[in-house]
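A.B. asks:
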Amino acid sequence: MPCPLDPSHSCYEHLLNAHIKKCNAREKPLPPYLVKNINGEDVPSPEEKISVHTVSDEELQALIQRIESIYESSVSHVMQYESTCHLLIVEELTKFKDCTTLEKHLRQQGHLIQLLCDKGLITEGHIFVEFGAGRGQLATWVMRALGDKAVRKSAFVLVDRDSQRYKADNRFIDEWGPFIHRIRADIRHLCIERLEPFKVHKDRVVGFCKHLCGVAIDLALRCITSTIGYNKLPKGLVMAVCCHHRCEWRWYTGKSWLEGLGISEREFQLLASIAGWATCGNESRSTKNRCGRKTEDLSGKNGTAKAQVKAKKTLFPDKNGERSLIASIIEPKKSEASETANCGLMRPKELDKKGHISSDVDQEKSGRYQAMGLSPDRRTEIGYKVKAILDEGRLKYLRSVGMIADRVNFISKIYTPENFAIVATGPTAPQ
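Going by full-length UniProt numbering, the first residue of the sequence shown is number 1, and it counts up by one from there.
Shown next as structure tokens:
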């Protein structure tokens with residue numbers, strides 16, 4: 001008979017009572033740190049999906065003019081971050097000089113860790129929370145940057161909504177197991193002040209992430225700033241942002257600021273759609289990967305492919321058959337999803353299959369953009385301006401709760417087109 005809890009599977013009728021007690025579809029008691037919709041109201045998404053492909057040329061041109069006006073008059077100056085990669089990762093990079101894919105990820109992590117250090121956020125005694133942690137690679141580098149004694153006086157919370165294999169933090173369980181807490185939760189429902197470390201540690205919270213997608217950034221900002229009312233003032237945060245085309249009006253933290261500029265929900269959907277132009281609008285990128293390196297460099301010429309194979313064979317010895325931390329960066333498993341899994345940091349052809357970029361490609365082929373004077377480079381420029389506007393709304397939100405917040409260009413675009421991070425410290429007195 002069909003299971004009464006989930007008709008997609010069946011069970012024996014005479015064993016129904018026993019099955020219901022152990023069925024995975026049964027309602028389970030929520031842990032205390034999960035509070036439904038605490039960081040995002042249960043508001044239905046709009047029935048009508050608006051994008052640049054569903055509006056007239058006149059409406060699109062008018063919106064582009066408004067984008068230019070808002071960008072010039074209301075967007076804060078971007079901080080050009082010129083610090084170097086953290087020394088720990090510089091040492092790691094010397095082992096794999098010719099491995100382009102590995103270099104890209106490690107350098108991004110190294111610059112984010114150095115940024116945390118420069119802002120005085122990597123110090124002992126704090127609760128460190130990585131949002132969209134995935135395998136926990138960034139968190140483990142932060143642990144190593146802290147050092148053994150400091151880690152033992154701190155706590156690490158790794159949050160992801162999906163289960164993970166080959167977790168980097170598993171390698172430190174023997175040393176630092178009691179100080180590492182993995183939480184499987186949707187950030188929308190996460191009340192971090194109810195987590196176990198908050199009962200022990202009296203110090204402040206440090207939040208960080210690497211390329212948390214779209215609306216997840218807004219949920220994470222609400223999650224960490226919610227501690228302000230629980231005498232756990234955030235020490236600060238460093239969050240590398242990406243995928244602004246996945247932002248949603250219902251949970252966007254800068255909504256009141258945009259409304260003050262006369263931006264409606266419909267126009268917000270258009271802004272999110274245009275934000276995709278920043279990383280997907282240039283046809284020339286089909287011959288380059290997202291690191292700015294030529295595709296041929298990744299396919300075997302200049303020894304790169306051989307270097308990757310060699311790296312897989314010569315990395316740290318795996319324990320109990322597990323792949324090493326570095327191997328998991330080089331060759332991620334497709335089935336291991338997380339908040340950052342669908343980042344869209346792929347080539348246009350791959351994105352074309354997803355549907356989001358295929359429409360842009362169709363518009364390009366039809367000559368629509370050319371007739372409007374929107375060359376690939378021009379669309380890329382506009383896309384980055386929209387990203388800046390959406391991030392400005394997030395900065396306004398952080399400043400409204402008393403934090404000192406900036407948008408930082410944390411690494412060169414040759415390593416990632418999503419090279420901006422939201423950085424905040426404080427709070428001070430709310431503005």
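Quick reminder that beta carbons are idealized off the backbone N, C-alpha and C, glycines included.
1) Drop a sphere of 10 angstroms on the beta-carbon of T380, count the other beta-carbons inside from all chains shown, and report buried for 16 or more, exposed for fewer.
2) Comparing C-alpha positions only, which one of A275, F208, L138 and K235 sits nearest to G402?
3) My understanding is that F410 touches D391, with C-beta atoms under 8 angstroms, so please give their C-beta distance in whole angstroms.
4) Whole angstroms are fine: how far does the CA of R171 sit from the CA of V215?
5) Would you list the residues sitting across from residue 515 in a DSSP beta bridge?
6) Does the beta-carbon of P7 have 16 or more other beta-carbons within 10 angstroms, so that it is buried, or is it exposed?
7) Is A62 buried or exposed, if buried means 16 or more other CB atoms sit within 10 Å of its CB?
8) Rounded to the nearest angstrom, what separates R399 and S73 at their Cα positions?
9) Could you check the C-alpha separation between I414 and L106 for me, to the nearest Å?
10) Around the C-beta of G355, are 16 or more other C-beta atoms found within 10 angstroms, so that it is buried, or is it exposed?
11) For I70, count neighbouring C-beta atoms within 10 Å of its own C-beta (all shown protein chains included) and say buried if the count is 16 or more, exposed if not.
12) DSSP three-state label for M143, please.
13) Are there 16 or more other CB atoms within 10 angstroms of the CB of E339, so buried, or fewer, so exposed?
14) What residues in its chain sit with their C-beta under 7 angstroms from that of Y384, if we drop five residues either side in the sequence?
15) For M143, count neighbouring Cβ atoms within 10 angstroms of its own Cβ and tell me buried if that reaches 16, exposed if not.
16) In whole angstroms, what separates the C-alpha of P31 from that of Y397?
17) What residue ranges within the UniProt domain "CHHC U11-48K-type" (1-27) form continuous alpha helix (DSSP H) runs of no fewer than 4 residues, ordered along the chain?
18) From the DSSP output, which residues share a beta bridge with L212?
19) Which of the three DSSP states, helix, strand or coil, is assigned to G110?
20) Tell me whether V55 sits in a helix, a strand or coil according to DSSP, three-state version.
21) Name the DSSP bridge partner or partners of D160?
22) Using the rule of at least 16 other Cβ atoms within 10 Å of the residue's Cβ for burial, across every protein chain shown, is S335 buried or exposed?
C.D. replies: In terms of the structure at hand:
1) buried
2) K235
3) About 13 angstroms separates the two Cβ atoms, so there is no contact after all.
4) 31 angstroms
5) Because the chain is modelled from 1 through 431, residue 515 falls outside the range shown and cannot be assessed.
6) exposed
7) exposed
8) Between R399 and S73, the alpha-carbon positions lie close to 18 angstroms from each other.
9) I414 and L106: Cα-Cα distance of roughly 13 angstroms.
10) In this prediction, G355 scores a pLDDT of 41, lower than 50, which makes its location untrustworthy; the coordinate-derived value is nonetheless stated afterwards. Looking at its Cβ environment, which holds fewer than 16 other Cβ atoms inside 10 Å, G355 is exposed.
11) buried
12) Under the three-state reduction of DSSP, M143 is assigned to helix.
13) Interpretation of E339 is limited by its pLDDT of 48, a score under 50 that renders its predicted location unreliable; no figure is taken from the coordinates.
14) A278
15) buried
16) Spanning the two alpha carbons is a distance of roughly 29 angstroms.
17) 16-22
18) V241
19) helix
20) coil
21) R184
22) Summary for S335: the model assigns pLDDT 36, below 50, so the residue's position carries little reliability; its value from the coordinates is reported in the next sentence. It counts as exposed.
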